[in-house]
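The sequence shown begins at 23 in the working numbering and counts up by one.
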Amino acid sequence: MLIPNHPAADAPLSFFAQWAEDVNCVFGRDPAARSVIEILLTYSGVHAVLLHRISHRLWLGQWKLAARVLAAFAKWMTSVEIHPGATVGRRLFIDHALGVVIGETAVIGNDVTLYHGVTLGGTTWNKEKRHPTLGNNVLVGSGAKILGAITLGNNVRVGANSVVVKDVPHCCTVVGIPGRIIQSKGTQIQNKHGIDLDHHLVPDPVGKAIACLMERIDELEAKQLQLHKAVAEQHCDSCEAESLCGSHQDAPIKLTVSL
23 MLIPNHPAAD APLSFFAQWA EDVNCVFGRD PAARSVIEIL LTYSGVHAVL LHRISHRLWL
83 GQWKLAARVL AAFAKWMTSV EIHPGATVGR RLFIDHALGV VIGETAVIGN DVTLYHGVTL
143 GGTTWNKEKR HPTLGNNVLV GSGAKILGAI TLGNNVRVGA NSVVVKDVPH CCTVVGIPGR
203 IIQSKGTQIQ NKHGIDLDHH LVPDPVGKAI ACLMERIDEL EAKQLQLHKA VAEQHCDSCE
263 AESLCGSHQD APIKLTVSL
């Protein structure tokens, strides 16, 4: 089952048209980009994607050794390892591009953004689909690990350093180890270009839980203080029978022994 607008559902582009898209998409996702020449000369993430386009074609043409050698060269040059068998959609952008690993059976949709340290890894040694499938407009924060033959729907955001091991529906935000959905689907991407780079606005569920616990502790301490005040007001020292209690305490104790 294909995700809507997934690469396999798009009209095929020429090789150089794909390259042009890969370069020009940087302007919409990196405000530091100033010119095409600068991108071509200095953006290692773009270099990795452009070289993968070649190695993937070699892989599909059964030139598997040549594909692996080119992928190894790209890894040496860019610090990004993309297996030539991985299926990459249009306008993939790998920002900062250091330590990114994309496995053989991974499938990446259109307009996906990956930050440094991202892993699309497998969880089995069997020769089968063992790497993730990412939908369109997915953003994966730095250091995140997406493991296994799982599917992330369109418009999904993955927080930095998260570990995702289960499927994620469309339009959700995932954070934590293991990854937990903290924003339910239904919230569409607001950026007019379809890219949501506001991953710094991801909620903090642990911080929220701690804040709730602190509020609860404050409530309990306030109730405990009220209880202590109530007990102090009802103490024997301040009751109306204080004089009677005092007279009994001052009277001598007489012991009577009968034989």
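Virtual Cβ for every residue (Gly too), placed ideally from N, Cα, C.
message: Quick check: is any heavy atom of the ligand FMN less than 6 Å from the C-beta of Gly170?
response: The ligand FMN is not among the ligands present in this structure, which contains no ligands whatsoever.
query: To which residues does DSSP link Gly143 through a beta bridge?
result: Counted from its first residue, the sequence shown places residue 143 at position 121. Gly143 pairs with Leu169.
- prompt: Could you give the distance in angstroms between the alpha-carbon of Arg51 and the alpha-carbon of Gln248?
  reply: Reading the sequence shown from its first residue, position 29 is the one you call residue 51. Reading the sequence shown from its first residue, position 226 is the one you call residue 248. Approximately 56 Å, taken between the alpha carbons.
message: What does the alpha-carbon distance come out to for the pair Glu103 and Glu126?
response: To locate residue 103, count along the sequence shown from 1; it is residue 81. To locate residue 126, count along the sequence shown from 1; it is residue 104. Roughly 10 Å separates the two Cα atoms.
query: Count the other CB atoms within 10 Å of the CB of Cys193; is the residue buried (16 or more) or exposed (fewer)?
result: Position 171 of the sequence shown, counted from the start, is the residue given in the question as residue 193. Buried is the call here.
field: Which residues DSSP lists as bridging Gln205, in chain order
entry: Translated into the one-based positions of the sequence shown, residue 205 becomes position 183. For Gln205, which the question treats as bridged, DSSP gives the partners Thr195.
- prompt: Which stretch, first to last residue, makes up the beta strand (DSSP E) that contains Val48?
  reply: Within the sequence shown, the letter at position 26 stands for residue 48. Taken as a continuous stretch (DSSP letters only), Val48 belongs to no beta strand (DSSP E), as it is neither H nor E.
message: Helix, strand or coil, according to DSSP, for His215 in the structure here?
response: Residue 215 sits at position 193 when you count from the first residue of the sequence shown. At His215, the pLDDT of 49 sits below 50, so the modelled position is not reliable and the matter cannot be decided from this model.
field: Endpoints, the alpha helix (DSSP H) within which Val122 is located
entry: As a first step, residue 122 must be located in the sequence shown, where it is residue number 100. Here Val122 belongs to no alpha helix (DSSP H); instead the beta strand (DSSP E) covers 122 to 124.
Buried or exposed by the 16-neighbour rule on C-beta atoms within 10 Å, applied to Pro53: Here residue 53 refers to the residue found at position 31 when the sequence shown is read from its first residue. So Pro53 counts as exposed.
Whole-angstrom C-beta distance between Gly165 and Val187, which should lie under 8 Å: Here the question's residue 187 lines up with position 165 in the sequence shown. Here the question's residue 165 lines up with position 143 in the sequence shown. The pair is not a contact, with the Cβ atoms about 15 Å apart (cut-off 8 Å).
query: In whole angstroms, what separates the C-alpha of Leu169 from that of Arg152?
result: As a first step, residue 169 must be located in the sequence shown, where it is residue number 147. As a first step, residue 152 must be located in the sequence shown, where it is residue number 130. Rounded to whole angstroms, Leu169 to Arg152 spans 8 Å at the Cα level.
task: Find the nearest neighbour of Val185 within the set Asn177, Leu174, Pro191, Ile199, judged by alpha-carbon distance.
output: For the purposes of this step, residue 185 is taken as the residue at position 163 of the sequence shown. The shortest C-alpha separation from Val185 is found at Ile199.
query: Unbroken beta strand (DSSP E) runs of length 3 or more, entirely within the segment 85 to 130: which are they?
result: 102 to 104, 122 to 124
query: Distance, Cα to Cα, Arg113 vs Trp147?
result: Taking the sequence shown and counting its residues from 1, one reaches residue 113 at position 91. Taking the sequence shown and counting its residues from 1, one reaches residue 147 at position 125. Computed Cα separation, rounded: 30 Å.
- prompt: Is DSSP giving Leu174 helix, strand or coil here?
  reply: Looking up residue 174 in the sequence shown gives position 152. Leu174: strand per DSSP, three-state reduction.
message: Tell me the DSSP secondary structure of Arg238 in three-state form.
response: Translated into the one-based positions of the sequence shown, residue 238 becomes position 216. Here Arg238 sits in helix by DSSP.
- prompt: Anyone know if the C-beta pair for His78 and Pro106 falls short of 7 Å?
  reply: Here residue 78 is taken as the residue at index 56 of the sequence shown, counted from 1. Here residue 106 is taken as the residue at index 84 of the sequence shown, counted from 1. Yes, the pair counts as a contact, with Cβ atoms nearer than the cut-off.
field: From Arg90, Pro191, Tyr137, Leu142, residue whose alpha carbon lies closest to that of Ala182
entry: As a working note, residue 182 is residue 160 in the sequence shown. For Ala182, the nearest C-alpha among the options comes from Tyr137.
- prompt: Which residues bound the alpha helix (DSSP H) around Val187?
  reply: The residue you call residue 187 lines up with position 165 of the sequence shown. Note, Val187: premise wrong, no alpha helix (DSSP H); not H, not E.
- prompt: Which of the three DSSP states, helix, strand or coil, is assigned to Val162?
  reply: Locating residue 162 in the sequence shown gives position 140, where the first residue counts as 1. DSSP places Val162 in strand when its eight states are reduced to three.
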